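Protein chains in written order, with UniProt numbering: chain A, 1 to 238; chain B, 1 to 238; chain C, 1 to 238; chain D, 1 to 238; chain E, 1 to 238; chain F, 1 to 238.
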């Protein structure tokens, strides 16, 4: 039995609130149960140095947690003077996931910067971030189209992410914090609307996992991501 | 006429939402119009090194802005590797303001860390932070009393803060961003419930100000802070 | 009775030595009693990036203390790898204070960098720095005029600064270190030659202060600054 | 046809040279074709702070590349003052992979620090690092047993790693740099001697990949890792 | 008697292996006994900012030690976030030594970056670095000539370096680690093929040394450097 | 002819002003002509971690230049966040030079921190620093004896430093900035009162130097240091 009483293949309550803050071109509050992340998309009419003059755009992401988004207070990264390895891993993952579904050449020489800031954490902050960030990105691109800066959308597909893991011997979907901190295997899966994989990151800090377990986990993830993409479409009115 | 159509002595709509996030001992969303700040108070059962064994507590504060809380995206301080001078000034101000109304000896050898994170900015983030942080601190201390860790409250008085300034020649209360970026004089005032000053920080980047202007600004501030403290009491049910 | 035996409204001995070091365009040793600060003004024929091509100049300031300018040795900021929040607050204050009395458009596209380095500290280092830096700035600008680079002075007014505070219940002028470390309220006031305020920064780490105390402190400050500006004029032979 | 003329399921020439440098308790030069990494294992008779007094050991890893291990010179991380996100990801991966096959309780309160330094890079540096580091770790632990500090080995299984990817539409094993920089999908797989997964990290910067492709890649990886573990056993004389 | 049984004026076995790694324009493994350093020379077709447009080239050097190149593990400088004073001293010394024998004007507007990375240390890493780096530099420049980018070599003379010291009262050549850590005086000498000095750095952490000792040390150094330059010529086939 | 009209073997005017600032246990302003350095010695009743419990003391040094001590303003190291390689070289040299003449065991478990801050530079700042720092150290140690904390002085000998160089083909003593920036060879020599060498650092960025030139330079240095030590004795009233 899961601590949250959910069935093994049940997501937590997922909520996507668009236009959550007012300045960003896209701004979404994403909630996976008690995990809450503000995802904004900021359009900048220039690209990083390594892309100058190459006629294509870029999407990058940054991630942070408010110091008391967690059960005990974490050190503020701005105060400690550097981002942890975990933070860097997550923000690189978010960026890659979004770039995988956007035709950067058709985006034009502009950059969209995604910021994912966790205001309350209960496991799954990176997967919630990707899922919410896609909606913020979609809004920012719709804004570019509405303003006549883009003729058509460079978005090729939807993308969402979910965690799966083996908790007390049972493969389960969408781990919350009590599960995440106790499970043997934790896998984050990023998939497109057409059911293809963008990222699969499975880790066993405890017992290594078998091929059968992996298959079971991937199936749970496919199911969950289908539901998340339905939520994204609903939020976007598509 | 003010851009927001407010009268010269009118605050923006002020809202204090307690228990805004679930992990912190005190957690308040404070809104001064479109300025929105999450203020949390975290209790730690130890004190910084310089206070070890001296039988008193400590209150300190950290401040941050989400990169896209503002009209154009700011660089993330965790990514740039240091907090700006402005950030440090503000967090030192918040800490001093709260310490001024707490009897640190009666707090016992524990530290309360305040985090003020701006999720949407429209001027006055430091004054909203102080006003909201006091409520979060009050909740954290009530929790210590409820848990039997403190016999009585070490809080000596209420404290709140407001900005005042000379905008197009007229002294006005509670500057929003359009006023703040255009005014000659900007003054942040921190006062207690009993009407005494904790901090007065007046700055003229434009035209220096006269003693009469200063007096007019201080009177506006007194009025505004009276209203803010009434809001704090209402939020706390006192 | 003050530790130094001064009357409540008496400054310490103030001395301004021009041409103190030989390389800088302006170089002043300022002494407020035992507080000694070297203030230099360096002219650079370029402006920071954010002002390029806008036809105006800039004045900025940096501040430091020699590690053993104080009673016990402080850590060298260059060795610890960052400037403290206090250092940043002070150097921002010095810069703002000087910019308030200079017409930056008439300065032309050049920058004047002020360096204030405390070689001996006994309280009031920031107010001594501002007072001495104005004289160094004046010399640097006179040099630009003498060299034919400026037709007329962009300096609009004099500026000086002094600390005031409530020490053992009595408002006093120009706090030295023993007073500064024991007083309830400490206020730094920056004023122009025409008697207008550029900055007022009053802080109560101890007991909050009343409006009457504030008024008394401002009056002391006005008197002290009048005397400081007379000293500046005398030093400059004006 | 692969640039190296290898068949799709062929590893590059793999070589493990033990006792490569003389100071470390374990020191291995691992070569996957032209990729060459020095892996050392250093035994320290203490554990990191978070493990003090908990009666268990720790294994951690650091990773670096010589600036000119690559085709064009990379900036030296020691000179730029920080490790890149990629470096941190890799060293966290190496550490997790080794910890997965060691019983940390039976290691005792000591730490083994793995250093993987790439002296020549041609793709697959992280998988070569893990494969070589296991051998260095094994030597270090054998040394502890020989010295009577450990009664029996805390190593539970072998571990090795390999990259697989979809290159020009074909799943291939052990990507070299020309393949790595051109492939659509890149997957790093870490497996134990008993054929279970420790890590699976699949990434599509180009075209997302299907479940069938994933299965094909995992099968290639299983084959490759079997061969690598045979090489490790041979090198260790087991 | 020296710990290594060498006579006072004997070098350790010196070996220079060219083309040690495959990417760099010059790549040499230099061995002074158990001290092993990889020296690479990387040609960059641009110069640092301070030399732009001045029609001359530049040679600079960086130095590092693998964390476990030494008897006990050193902290990785990339992880600690800065290079030690010792590292900076050594890399500045290597750069100056090489620049002293190259006509930078004839090198053209390009930079050659030398990287010296110690993979095993047993004393004398800086002198081995200079000696090996010269050979790597020579190869890089020969490559520029072969590619038609330079008409003739800008190298004016050979350069090599050796340490000498007073060990147990006796002047000795080429100190290894046991001697280096126990000697009173340690001197590093850099000389050209024509027998002139580029650098002499003598240090007494123990007993200060006399003029006679200095003379004896310089004579040993001259002898040793003559032998090293013969080795360089042999390695280069000159 | 030297730019300053001095004869080849003439020092600049040397002045040592004791008790220059009031807080430090030793405080000396040293002037070598227009080069002016404040040298303070601070006594701390503890030693660095690596010496804890070993019954001996330590002497260490830090060095800095005021940003406008030089002809054009240098970047403030505290603002740029790190000390340059040159700064670190110099402060390590000062520390070694002083430790060479002090019996650290007889100093007891305390540390003396030397700070050398250049307020005006005209060449030779490191040699002036060493020469002045010795006097500050002597005063600090006399204070320890006077306070009964030391029974007898751990100072074994005097120490001073001077630069010599080959300027326009002629060996000269005590280079000022115009000479220093134009000379071929620059050598810094640190010697004791008994005429033994503590450090010899000769560098040829221009033309390498011969053994004869080296001998001539060492003789000049011996003469100069004899005169400097006489000045130190005179300043100390010995």
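We put the beta carbon where it would ideally sit given N, CA and C, even for glycine.
Please read these numbers as outputs of a predicted model, since none were measured by experiment.
Inter-residue distance for residue 100 of chain F and residue 60 of chain F is about 12 angstroms (C-alpha atoms, whole angstroms). For a Cβ distance threshold of 7 angstroms, nothing in chain C lies close to residue 77 of chain B: the least Cβ distance comes to about 13 angstroms. Minimum Cα-Cα distance from residue 171 of chain B among the listed residues B:75, B:224, B:19 corresponds to B:224. B:215 is the residue among B:129, B:215, B:71, B:190 whose C-alpha sits nearest the C-alpha of residue 196 of chain C. Residue B:199 holds the alpha-carbon nearest to the alpha-carbon of residue 210 of chain C among B:152, B:199, B:142. Of the other Cβ atoms in all chains shown, 16 or more fall within 10 Å of the Cβ of residue 208 of chain E; this residue is therefore buried.
Cβ-Cβ separation between residue 235 of chain A and residue 29 of chain A: approximately 11 angstroms, too far for a contact (criterion under 8 angstroms). Scanning chain F for C-beta atoms nearer than 8 angstroms to the C-beta of residue 70 of chain E yields nothing, as the closest lies near 16 angstroms away. In the three-state reduction of the DSSP assignment, residue 32 of chain A falls in the strand class. Distance between residue 42 of chain B and residue 144 of chain F, taken at the CA atoms: about 47 angstroms.
Within its own chain, the residues whose Cβ lies closer than 6 angstroms to the Cβ of residue 67 of chain E, once the five positions on either side in sequence are excluded, are 73, 74, 76, listed in chain order. Secondary structure at residue 17 of chain C: strand, using DSSP grouped into helix, strand and coil.
At a cut-off of 8 angstroms between beta carbons, residue 88 of chain C contacts chain B. One thing to note: residue 121 of chain C has its Cβ within 8 angstroms of the Cβ of residue 70 of chain C. Chain-ordered, the chain D residues with CB closer than 7 angstroms to the CB of residue 40 of chain E read 68.
Contact between the segment 155-164 of chain E and the segment 126-138 of chain E is present, with at least three C-beta pairs closer than 8 angstroms.
Within the same chain, and ignoring the five residues on either side of residue 90 of chain D in sequence, the residues whose Cβ sits closer than 6 angstroms to its Cβ are 63, 126. Taking a beta-carbon distance threshold of 8 angstroms, residue 48 of chain F does not count as an interface residue toward chain E. Residue 70 of chain C carries a coil assignment under DSSP once its states are collapsed to helix, strand and coil. If you check each beta-carbon in the segment 178-210 of chain E against every beta-carbon of chain F, the ones closer than 7 angstroms belong to 192, 196, 197, 198, 199, 200, 201, 202, 203, 204, 205, 208, 209, 210.
Chain B has a Cβ within less than 8 angstroms of the Cβ of residue 214 of chain C.
Neighbours of residue 82 of chain B in chain C, taken as residues whose beta carbon is under 9 angstroms from its own, are 82 in chain order.
By the criterion of a C-beta distance shorter than 8 angstroms, residue 175 of chain C is surrounded in its chain by 123, 124, 163, 164, 165, 167, 183, 186, once the five residues flanking it on both sides are discounted. Around the beta carbon of residue 138 of chain F, 16 or more other beta carbons lie within 10 angstroms, which makes this residue buried. Taking 8 angstroms as the CB threshold, residue 85 of chain F lines the interface with chain E. The shortest CA-to-CA distance from residue 44 of chain D to any of D:169, D:112, D:155, D:35 is the one to D:112. Secondary structure at residue 153 of chain A: coil, using DSSP grouped into helix, strand and coil. In summary, the residues of the segment 112-136 of chain E whose CB is separated from some CB of chain D by less than 7 angstroms are 113, 115, 117, 119, 120, in the order they occur in the chain. Distance from the CA atom of residue 14 of chain F to the CA atom of residue 181 of chain F, rounded to whole angstroms, is 21 angstroms. Interface criterion met: the Cβ of residue 24 of chain A is under 8 angstroms from a Cβ in chain B.
Beta-carbon to beta-carbon, residue 173 of chain F and residue 8 of chain F are separated by about 7 angstroms, close enough to satisfy the 8 angstroms threshold. The straight-line gap separating the alpha-carbon atoms of residue 109 of chain B and residue 227 of chain C is approximately 46 angstroms.
Taking all protein chains shown into account, residue 48 of chain B has fewer than 16 neighbouring C-beta atoms within 10 Å of its C-beta and is therefore exposed.
Beta-bridge partners of residue 39 of chain D (DSSP): D:28, D:116.
A Cβ-Cβ distance of about 7 angstroms is found for the pair residue 2 of chain C and residue 179 of chain C, placing them in contact under the 8 angstroms criterion. The Cβ atoms of residue 155 of chain D and residue 102 of chain D lie closer than 8 angstroms to each other.
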